[in-house]
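> Residue numbers (the numbering used here): 18 to 336.
#1: Tell me the DSSP secondary structure of residue 254 in three-state form.
#2: So which of 316, 299, 328 and 323 has the shortest CA-CA distance to residue 310?
#3: Who are the near neighbours of residue 177 in its chain, counting only those whose CB is closer than 8 Å to its CB and skipping five residues on each side?
#4: Classify residue 125 as helix, strand or coil using the three-state DSSP reduction.
#5: Roughly how many angstroms separate the alpha carbons of residue 275 and residue 316, rounded to a whole number?
#6: Quick check: the Cα distance between residue 304 and residue 228, rounded to an integer number of angstroms?
#7: Whether or not the region 211–218 and the region 248–266 are in contact is what I'm after, with contact meaning three or more pairs of Cβ atoms, one per stretch, closer than 8 Å; do they touch?
#8: Indicate whether residue 152 and residue 124 have their beta-carbon atoms separated by less than 8 Å.
#9: Pull the bridge partners of residue 246 from the DSSP assignment, please.
#10: For the structure I just gave you, are there three or more beta carbon pairs, one from the region 260–269 and one from the region 191–201, closer than 8 Å?
#11: Using the C-alpha atoms, what's the distance from residue 269 back to residue 277?
#12: Spatial neighbours of residue 106 within its chain, please: C-beta separation below 8 Å, excluding the five flanking residues on both sides.
#13: Suppose the cutoff is 8 Å on Cβ atoms and the five residues either side in sequence are ignored; what does the same chain contact list for residue 331 look like?
#14: Can you tell me whether residue 259 is helix, strand or coil according to DSSP?
#15: List the whole-angstrom C-beta distance separating residue 186 from residue 211, where the pair is believed to meet the contact cut-off of C-beta under 8 Å.
#16: According to DSSP, is residue 107 part of a helix, a strand, or is it coil?
#17: From this set, 104, 83, 319 and 133, which residue's C-alpha is nearest residue 240's C-alpha?
#18: Looking at the secondary structure, which residues open and close the beta strand (DSSP E) in which residue 219 lies?
#19: Quick one, which of 237, 232, 279 and 314 has its alpha-carbon nearest residue 302's?
#20: Going by the DSSP bridge assignment, what does residue 314 pair with across the sheet?
#21: So, with DSSP's three-state summary, where would you put residue 300?
#22: Report the partner residues of residue 264 according to the DSSP bridge assignment.
#23: Taking the alpha-carbon positions, what's the residue 234 to residue 93 distance?
#24: Hey, residue 251 and residue 238 are a contact pair by Cβ (cut 8 Å); roughly how many whole angstroms apart?
#25: Who are the Cβ neighbours of residue 69 in its own chain at under 6 Å, not counting the five residues just before and after it?
#26: Short of 7 Å in beta carbon distance, which residues of its chain neighbour residue 71, apart from the five on each side in sequence? Order them along the chain.
#27: Roughly how far, in whole angstroms, is the beta-carbon of residue 333 from the beta-carbon of residue 313, given that I think they are within contact range, below 8 Å?
#28: In terms of residue numbering, what span does the alpha helix (DSSP H) encompassing residue 195 cover?
#29: Using a threshold of 8 Å, state whether the C-beta atoms of residue 236 and residue 299 are closer than that.
#30: Per DSSP, residue 183 forms a beta bridge with which residues?
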C-alpha cells in the first residue's frame, strides 16, 4: 500500500471521527434543548397556575439537575413569601376589625352617656358630673388605643428614634411597680422584688424602658390575676441585664404562646375592667426592646409560673 493511500485513509478516518464528535455534540445539544423546553413549559405552568408544585426534571445531565435544584429553591422562597403575605394580609384584616371594634365600643358608650347627660339636665349637677366622669374615662380609653396604634405603626416603619442614655434600672423597676400599688393592694397581691442593692445601669431610652415595664406589669396583672402574685427579678449576666416579670396565674400555652407578641392578639378572658387590654402592649414592648438592642421572651408553665424576660444592654461606663 502506497504512502498516498495511507494518507488518504488516515484523512478519511480523521474526518469520520470528527463527524462522530459533531454528531454526538448535535445529539447532546438537541437533547439538552428538548429537556430545557420541557422544563420551561413545566415552570411556566407552575407560575401560571400559582401552584406550589416543584420542578421535576428526568435527565442524566448534571448541569440540568443542578439548574432544576436552584429553580426549586427559588420556588420554595416564592412559596414562603406567599405564605407570609397571606399571613400578613389575614393579620391586617384582623387588626382592622379589632381596632374598629375597640374604638366603636367606647365611642358607643360615650354617645350613650352624652344622651344620658342630656336627659339628666334637670336632675341636678351631681348626676351630670358622674356621667361626665364616665365620658372622660371612655374618651381617654379611645385616645390611648389610638396613641398605641400609631406608636406601633411608627415603630414598625422605623420612624421612631430612641435616645440612649445611662439608666439605673433597679430604681425604674421599683417606681413602675409602685405605680400599680393601689390595684395590687386592693386585689391582695403578693409582691416580691428581687432587685440587688448595688446599682445596675443599662443603655436605653427612658420613656421606652418605662413603657416596656408598664406594659409587662399591666399584662401580668391582667392575665395572671388568678395567682395573686407579681414578681420582679433583676440581674446582670455578662454584657446584658435581665428583668423577669413573673406571675403565677393561668399561664399562656399552646397557640397563645406562639402569638402572644402578635399585633392585637388578646386572650379570651383578658379584659380587665381596671386595666383594659387591646393586644398592642406586648407587641410595642418587644419592638421597643429590640430597637434598643435587647429582646423580650416568654416562658410559661400554666398555673405555676409565667415569665416575660427582658434583656437590655448593660452600661459599663464608670462614673
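We treat Cβ as the ideally placed atom computed from N, Cα and C, and that holds for glycine.
Per the coordinate set shown:
#1: Looking up residue 254 in the chain shown gives position 237. Strand at residue 254.
#2: Along the chain shown, read from residue 1 onward, the residue named residue 310 stands at position 293. If we check each option's Cα against that of residue 310, 328 comes out closest.
#3: Locating residue 177 in the chain shown gives position 160, where the first residue counts as 1. Cβ neighbours of residue 177 beyond the five flanking positions: 168, 171 and 308.
#4: In the chain shown, residue 125 corresponds to position 108, counting from 1. Looking at residue 125 - three-state DSSP - the assignment turns out to be helix.
#5: Working through the chain shown from its first residue, we reach residue 275 at position 258. Working through the chain shown from its first residue, we reach residue 316 at position 299. Distance between the alpha carbons of residue 275 and residue 316 is about 11 Å.
#6: Reading the chain shown from its first residue, position 287 is the one you call residue 304. Reading the chain shown from its first residue, position 211 is the one you call residue 228. Rounded to whole angstroms, residue 304 to residue 228 spans 11 Å at the Cα level.
#7: yes
#8: Here residue 152 corresponds to residue number 135 of the chain shown, with the count starting at 1. Here residue 124 corresponds to residue number 107 of the chain shown, with the count starting at 1. Against a cut-off of 8 Å, the Cβ pair of residue 124 and residue 152 comes out as no contact.
#9: Start at 1 with the first residue of the chain shown, and residue 246 comes out as number 229. DSSP lists 207 as partners of residue 246.
#10: no
#11: Start at 1 with the first residue of the chain shown, and residue 277 comes out as number 260. Start at 1 with the first residue of the chain shown, and residue 269 comes out as number 252. Each residue's Cα considered, the two are about 8 Å apart.
#12: By 1-based counting over the chain shown, the position of residue 106 is 89. None.
#13: Start at 1 with the first residue of the chain shown, and residue 331 comes out as number 314. Correct list, in chain order: 217, 218, 219, 220, 253, 255, 256, 257 and 258.
#14: Residue mapping note: residue 259 aligns to position 242 of the chain shown, counting from 1. DSSP places residue 259 in strand when its eight states are reduced to three.
#15: Reading the chain shown from its first residue, position 169 is the one you call residue 186. Reading the chain shown from its first residue, position 194 is the one you call residue 211. Wrong, their Cβ atoms sit about 13 Å apart, outside the cutoff.
#16: One-based indexing of the chain shown puts residue 107 at position 90. Helix at residue 107.
#17: On the chain shown, position 223 is the one that residue 240 refers to. For the residues 104, 83, 319 and 133, the minimum Cα distance to residue 240 belongs to 319.
#18: Walking along the chain shown from the start, residue 219 turns up at place 202. Unbroken beta strand (DSSP E) run through residue 219: 218–221.
#19: The residue you call residue 302 lines up with position 285 of the chain shown. Per the Cα distances, 232.
#20: Here the question's residue 314 lines up with position 297 in the chain shown. Answer is 326, bridged to residue 314.
#21: The residue given as residue 300 occupies position 283 in the chain shown. Of the three classes helix, strand and coil, the one that applies to residue 300 here is helix, per DSSP.
#22: Here residue 264 refers to the residue found at position 247 when the chain shown is read from its first residue. DSSP lists 247 and 323 as partners of residue 264.
#23: Within the chain shown, the letter at position 217 stands for residue 234. Within the chain shown, the letter at position 76 stands for residue 93. So the two alpha carbons sit approximately 41 Å from each other.
#24: Within the chain shown, numbered from 1, the residue matching residue 251 stands at position 234. Within the chain shown, numbered from 1, the residue matching residue 238 stands at position 221. Going by Cβ atoms, the distance from residue 251 to residue 238 rounds to 19 Å, so no, they are not a contact pair.
#25: In the chain shown, residue 69 corresponds to position 52, counting from 1. Cβ within range, chain order: 96.
#26: Here residue 71 corresponds to residue number 54 of the chain shown, with the count starting at 1. Within the same chain, residue 71 has close Cβ partners 89 and 92.
#27: Position 316 of the chain shown, counting from 1, holds the residue named residue 333. Position 296 of the chain shown, counting from 1, holds the residue named residue 313. Actually they are not in contact, since the Cβ atoms of residue 333 and residue 313 sit about 22 Å apart, beyond 8 Å.
#28: Residue numbering aside, residue 195 sits at position 178 when the chain shown is read from its first letter. Start and end: 186–195.
#29: Counting from one through the chain shown, the residue named residue 236 turns up at place 219. Counting from one through the chain shown, the residue named residue 299 turns up at place 282. Taking 8 Å as the Cβ cut-off, residue 236 and residue 299 qualify as a contacting pair.
#30: By one-based count along the chain shown, residue 183 stands at place 166. Residue 183 is bridged to 220.
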